[in-house]
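Asks:
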Ligand code: SF4
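Below you can see the structure in the form of structure tokens.
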């Protein structure tokens, strides 16, 4: 690993601003070694750590996680939002998961790792702090710790399932060609992001119909030039033909949006059946799309970070209100979401092990769906604040909420959820939804 190349998202900044949100929102799984280390730290009530129940919970055979306080925060989080392990023993004494967040590492070749970021962190969304490139040394050290003792020879994610021809795979070098083509399609900012997404989805439809056994190296370069140029010719400017999503498309989409809007914290899990019944009733309303949009357990930390007000959750918004235009095709919103998509693509944070082992085509479709999901959730936030136009903060808060789940929520990795994304693509609804909620 000492010679491993680390590929970093150059367009992103980040430093921790001590909001403590990650320590409230995430369940921290720890290794056996970390369990022994934390037990050896001899925590007592006098340190401010509650001893009312064990500080480490067993969650399966050889699997453990840190316990949570009654409000859902990690057992080690203090009243100032700081980590007690960090304060008493220094940063290296914390579990690896805590030290890595909001970074996410993924295999990018035999000796390569790529780094992405989780936009559930408000500082990532706002692009605050030092350039990621300036943190290369620290990130390399963390990367070394992550891969130590692990299998090194990862195959690239497959491209698509291939129908009768079987799963289509390429070499790492060719997989990177495909990633570069995706990144370049998303970066072409002479047109709105929605147009770039449409173009990318269009040429990926062609990729899905292609076999790659003989299309390699330079042939793949030529192939990618042809399909990407064709997608630009088909959609040369911002004059996008509007296609209203179908009733079925919108029903499937709302169910997906509801999954992205949820934050299942430890506190919610402890509510047991009452929480599940509440979720079921909300899911039914999302399915019908009738009446008011039910509130779902969102992220308290996102709410605090983006200045949400309590009235927001109690203001009734009808599903129908979210179908009007909200002035979404704006430069500031495009900048935020372009950065998001490019970081996810450059960091291979949308397919393979980072996204329920989906292939490149299906993984990108799932990622592209984040655009209408985020814009729909942003409309909901704006409407609850009695506005009919989006502000950048609406999109920032919606993105932080939804990306908490992208690639991580088990509900989104089930066969039925992944099948829903494929079905939406087959019905042409990903493009329709993307165009519709961009307005
Ligand atoms: S151990 Fe510390 S850094 Fe990790 S979640 Fe708990 S409070 Fe946060």
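In the working numbering, the protein residues as written are 25 to 463. Even for Gly, the Cβ is constructed at its ideal location relative to N, Cα and C. Bear in mind that the values here come from a model prediction, so they are computed numbers and not experimental data.
Name, in chain order, the residues that DSSP records as bridge partners for residue 342.
Replies: Here residue 342 refers to the residue found at position 318 when the chain shown is read from its first residue. Paired residues: 316.
Asks: Run through DSSP, which three-state label would residue 34 get?
Replies: For the purposes of this step, residue 34 is taken as residue 10 along the chain shown, with counting starting at 1. Residue 34: coil per DSSP, three-state reduction.
Asks: Per DSSP, which one or two residues make a beta bridge with residue 89?
Replies: Here residue 89 corresponds to residue number 65 of the chain shown, with the count starting at 1. 53, 81, per the DSSP bridge assignment.
Asks: Would you tell me roughly how many angstroms separate the C-alpha atoms of residue 223 and residue 257, rounded to the nearest one?
Replies: Against the chain shown, residue 223 aligns to sequence position 199. Against the chain shown, residue 257 aligns to sequence position 233. Going from the Cα of residue 223 to the Cα of residue 257 covers about 9 Å.
Asks: Give the secondary structure of residue 370 by DSSP, where H, G and I count as helix, E and B as strand, and everything else as coil.
Replies: By one-based count along the chain shown, residue 370 stands at place 346. Reduced to three states, the DSSP call for residue 370 is helix.
Asks: Whole angstroms are fine: how far does the CA of residue 204 sit from the CA of residue 219?
Replies: Here residue 219 corresponds to residue number 195 of the chain shown, with the count starting at 1. Here residue 204 corresponds to residue number 180 of the chain shown, with the count starting at 1. Cα-Cα distance, rounded: 18 Å.
Asks: Looking at ligand 1, does it come within less than 7 Å of residue 100, judged from the CB to the closest heavy atom?
Replies: Translated into positions along the chain shown, residue 100 becomes position 76. Yes, Cβ of residue 100 sits closer than 7 Å to a heavy atom of ligand 1.
Asks: Using 7 Å as the cut-off, classify the Cβ of residue 122 as near or not near the heavy atoms of ligand 1, replying yes or no.
Replies: For the purposes of this step, residue 122 is identified with residue 98 of the chain shown, where counting begins at 1. Residue 122: yes, Cβ under 7 Å from ligand 1.
Asks: Below 8 Å, can you find three or more Cβ-Cβ pairs linking the stretch 60 to 68 to the stretch 32 to 44?
Replies: As far as the Cβ criterion goes, the stretch 60 to 68 does not touch the stretch 32 to 44, which means the pair count is below three.
Asks: May I have the straight-line CA-CA distance separating residue 42 from residue 133, to the nearest angstrom?
Replies: Locating residue 42 in the chain shown gives position 18, counting from the first residue. Locating residue 133 in the chain shown gives position 109, counting from the first residue. Answer to the nearest angstrom: the Cα atoms are 34 Å apart.
Asks: Assuming residue 364 contacts residue 458 under a Cβ cut-off of 8 Å, what Cβ separation, rounded to an integer in Å, is found between them?
Replies: Within the chain shown, the letter at position 340 stands for residue 364. Within the chain shown, the letter at position 434 stands for residue 458. Between residue 458 and residue 364 the Cβ distance is about 14 Å, and since that is not below 8 Å, they are no contact.
Asks: Tell me the rounded alpha-carbon separation between residue 250 and residue 373.
Replies: For the purposes of this step, residue 250 is identified with residue 226 of the chain shown, where counting begins at 1. For the purposes of this step, residue 373 is identified with residue 349 of the chain shown, where counting begins at 1. Each residue's alpha carbon lies about 26 Å from the other.
Asks: Check this for me: beta carbons of residue 422 and residue 413, under 8 Å apart or not?
Replies: Mapped onto the chain shown, residue 422 falls at position 398. Mapped onto the chain shown, residue 413 falls at position 389. No, the pair does not count as a contact, with Cβ atoms beyond the cut-off.
Asks: Can you tell me whether residue 129 is helix, strand or coil according to DSSP?
Replies: Residue 129 sits at position 105 when you count from the first residue of the chain shown. Three-state DSSP puts residue 129 in a strand.
Asks: Can you give me the start and stop residues for the beta strand (DSSP E) that residue 144 sits inside?
Replies: Residue 144 sits at position 120 when you count from the first residue of the chain shown. Where residue 144 is concerned, there is no enclosing beta strand (DSSP E), given that its DSSP letter is neither H nor E.
Asks: Could you name the residues of the same chain whose beta carbon sits closer than 7 Å to that of residue 383, not counting the 5 residues immediately before and after it, in chain order?
Replies: Position 359 of the chain shown holds residue 383. Correct list, in chain order: 181, 182, 183, 184, 185, 375.
Asks: Just how far apart, CA to CA, sit residue 268 and residue 206?
Replies: Taking the first residue of the chain shown as position 1, residue 268 is located at position 244. Taking the first residue of the chain shown as position 1, residue 206 is located at position 182. Approximately 26 Å, taken between the alpha carbons.
Asks: If you pair each beta-carbon of the stretch 137 to 153 with each one of the stretch 75 to 95, do three or more pairs fall below 8 Å?
Replies: In short, these stretches do not touch, since the Cβ pair count stays below three.
Asks: Tell me residue 24's beta-bridge partners as DSSP assigns them.
Replies: In this structure the chain extends from 25 to 463, so residue 24 is not present and cannot be described.
Asks: Would a C-beta distance cut-off of 8 Å place residue 119 and residue 170 closer than the cut-off?
Replies: Looking up residue 119 in the chain shown gives position 95. Looking up residue 170 in the chain shown gives position 146. No; because the gap between Cβ atoms is not below 8 Å, this pair is not in contact.
Asks: Are the stretch 189 to 197 and the stretch 231 to 247 in contact at 8 Å, needing three or more beta carbon pairs?
Replies: Contact holds: three or more Cβ-Cβ distances are below 8 Å.
Asks: Could you tell me how far apart the beta carbons of residue 279 and residue 160 are, in whole angstroms, since I believe they sit closer than 8 Å?
Replies: Residue numbering aside, residue 279 sits at position 255 when the chain shown is read from its first letter. Residue numbering aside, residue 160 sits at position 136 when the chain shown is read from its first letter. Residue 279 to residue 160, Cβ: 41 Å. No contact.
Asks: Identify which residue in 126, 116, 428, 172 has its Cα closest to the Cα of residue 8.
Replies: Look at the range of the chain in this structure, 25 to 463, and you will see that residue 8 is not part of it.
Asks: Quick check: the Cα distance between residue 221 and residue 209, rounded to an integer number of angstroms?
Replies: As a working mapping, residue 221 is identified with position 197 in the chain shown. As a working mapping, residue 209 is identified with position 185 in the chain shown. So the two alpha carbons sit approximately 8 Å from each other.
Asks: When you compare each of 362, 445, 312 to residue 379 by their alpha carbons, which one comes out closest?
Replies: Within the chain shown, residue 379 is the residue found at index 355, counting from 1. Nearest C-alpha to residue 379: 445.
Asks: Going along the chain, which residues of its own chain have a beta-carbon closer than 6 Å to the beta-carbon of residue 151, five neighbours each way excluded?
Replies: Residue mapping note: residue 151 aligns to position 127 of the chain shown, counting from 1. Here the set comprises 37.
Asks: Only counting the same chain, and skipping five residues up and downstream in sequence, which positions put a Cβ closer than 6 Å to that of residue 437?
Replies: Your numbering for residue 437 matches position 413 in the chain shown. Correct list, in chain order: 380.
Asks: Residues bridged to residue 193 by DSSP?
Replies: Stepping through the chain shown from its first residue, residue 193 is reached at position 169. Partner(s): none; residue 193 has no beta bridge.
Asks: Quick check on residue 234: does DSSP put it in helix, strand or coil?
Replies: As a first step, residue 234 is located in the chain shown; it is residue number 210 there, counting from the start. Of the three classes helix, strand and coil, the one that applies to residue 234 here is coil, per DSSP.
Asks: Whole-angstrom Cβ separation of residue 307 and residue 282, contact assumed at under 8 Å?
Replies: Here residue 307 corresponds to residue number 283 of the chain shown, with the count starting at 1. Here residue 282 corresponds to residue number 258 of the chain shown, with the count starting at 1. Yes, they are in contact, since the Cβ atoms of residue 307 and residue 282 sit about 6 Å apart, within 8 Å.
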